[in-house]
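One structure below.
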Amino acid sequence: MSELNVNAANVRVLGHVSDAFRRVLTPDALRFLAFLHEQFEPRRQALLAARVQRQKELDAGVLPDFLPETAYIREGDWKVAAIPADLADRRVEITGPVDRKMVINALNSGSKCYMADFEDSTAPTWFNQVDGQVNLLDAVRKIISYTHPQTGKKYALKDKVATLLVRPRGWHLDEAHVLVNNQIMSGSLFDFGLYFFHNAHELLARGSGPYFYLPKLEHHLEAKLWNDVFVAAQGYLSIPQGSIRATVLVETIVAVFQMDEILYELRNHSSGLNCGRWDYIFSYIKKFRNHAKFVVPDRSSVGMTTPFMAAYVKLLVRTCHRRGAHAMGGMAAQIPVKNDPELNNKFMAAVTEDK
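Structure follows, in structure tokens:
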């Protein structure tokens, strides 16, 4: 293990730092991470404590509902900011982890957008998280390449690639390899901060922007925290407010009652909502763990035509269309099978049914 110290910002990096990692773990980038931590960590901790209290209420039988104190938002006539040109067409998006080969193949896939995922599809090891940042640094600048160590096959970007979005880890996750003032840093702010610091200006110069997917939100005040992070980050780098755009994954049973409010809090930075179906089912099971009437069958039996799932999707679509935001379908886990037409047809039929 090696350790980096940025004394001026009281930052310590405890994980191994290779020469490649030093490209993103620069003193200036670490100072930016320290700025984010010092500004927003107390609020993050308060919001996580509020999650614990809400779970106690759910356990006691207080079911989630639309908030009376935010009725004015739901009843108001407002819309989110206009969608950037390179996010206007999102009919097909692809997602996957941030290893080098995957990043190249995903950007070359022919899909409209690629969500580079630092969250669910990436095991959150120190190597994976920082290596992913190095890979995106090169991808944004169109200099990323890869040679397969066994076959010698070379991978490089095509002239036309998918629009890049990045999903940082959720508010509940830490990055234990980075300490600011001897406090463990938020995984969300680490993932967001490194990508934004190194790539925001470059993306804007190329006619795009820093675009994000935000996972695991449970309350509109968590969306407000993200919005305040965006405002502060854009101010820090002196880029125009509203340059950041974020799509929120609605994947918790508690967030589904606050979709208007979530869009409202992010209205100057919003690019839509996404139906995160698998985590939504998980949230339904977890949040209602004390209530037998909410037990669900095997997840393969819970499709998008299941009444409570269909209601969730319809409300999301209606909310987004009313507010001028994209309503995104959830991820289909099936992938094409090259050498088995029968299995491939089965998988593609499953995708069609899911959508």
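Residue numbering for the sequence shown follows the working numbering, starting at -3 and increasing by one per position.
The beta-carbon is built from N, C-alpha and C at its ideal position, and this holds for glycine as well.
C-alpha distance - residue i paired with residue j, whole-angstrom precision
i     : j    : result
M181  : F31  : 11 Å
C109  : A45  : 35 Å
R8    : L29  : 11 Å
V130  : S117 : 17 Å
G11   : A172 : 9 Å
T302  : R295 : 11 Å
A102  : D155 : 14 Å
L210  : T243 : 6 Å
R39   : L26  : 20 Å
D24   : N178 : 19 Å
A4    : I235 : Because the pLDDT of A4 is 49, which lies under 50, any placement of that residue in the model is unreliable, and the number read from its coordinates should be weighed accordingly. Looking at the two C-alpha atoms, the distance is approximately 24 Å.
M(-3) : D15  : Bear in mind that the predicted position of M(-3) carries a pLDDT of just 43, short of 50, making it too unreliable to give a figure here.
N195  : G326 : 27 Å
Boundaries (first-last residue) of the beta strand (DSSP E) holding residue i
i    : result
K150 : K150 to A152
M111 : C109 to D113
V7   : V7 to V9
T159 : T159 to R163
G268 : S266 to C271
F17  : Segment: none, F17 is in no beta strand (DSSP E) and carries neither H nor E.
Residue i: first and last residue of the uninterrupted alpha helix (DSSP H) it sits in
i    : result
E89  : Here E89 belongs to no alpha helix (DSSP H); instead the beta strand (DSSP E) covers E89 to G92.
N223 : H216 to L233
D134 : W122 to V136
T315 : P303 to R319
R70  : A67 to E71
Residue i (DSSP reduced to helix, strand or coil)
i     : result
M181  : strand
N286  : coil
D256  : helix
M(-3) : Note that M(-3) scores 43 on pLDDT, short of 50, meaning its location in the model is unreliable; the coordinates nonetheless yield the value given after this. Residue state, collapsed to three classes: coil.
E171  : strand
R40   : helix
L241  : Before going on, a small fix: residue 241 reads as Arg here, not Leu. R241: strand per DSSP, three-state reduction.
S117  : coil
A4    : Low per-residue confidence applies at A4: pLDDT is 49, beneath 50, and the placement is therefore not dependable enough to give any value.
T147  : coil
M98   : helix
M344  : helix
Supposed contact pair residue j and residue i - C-beta distance, whole angstroms, cut 8 Å
i    : j    : result
A228 : Q35  : 6 Å
V246 : N270 : 7 Å
F208 : I240 : 7 Å
I100 : A152 : 7 Å
I90  : S107 : 4 Å
R319 : L259 : 5 Å
L63  : K283 : The pair is not a contact, with the Cβ atoms about 16 Å apart (cut-off 8 Å).
C-beta atoms of residue i and residue j nearer than 8 Å
i    : j    : result
V250 : E214 : yes
A321 : V313 : no
S266 : V76  : yes
P120 : G57  : no
K220 : G166 : no
I140 : R96  : yes
L43  : E218 : yes
A306 : M300 : yes
V298 : I331 : no
W122 : R263 : no
A112 : L169 : no
L435 : V174 : The chain is shown from -3 up to 351; residue 435 falls before or after that span and cannot be answered.
E261 : N223 : yes
Q125 : D82  : no
V94  : G128 : yes
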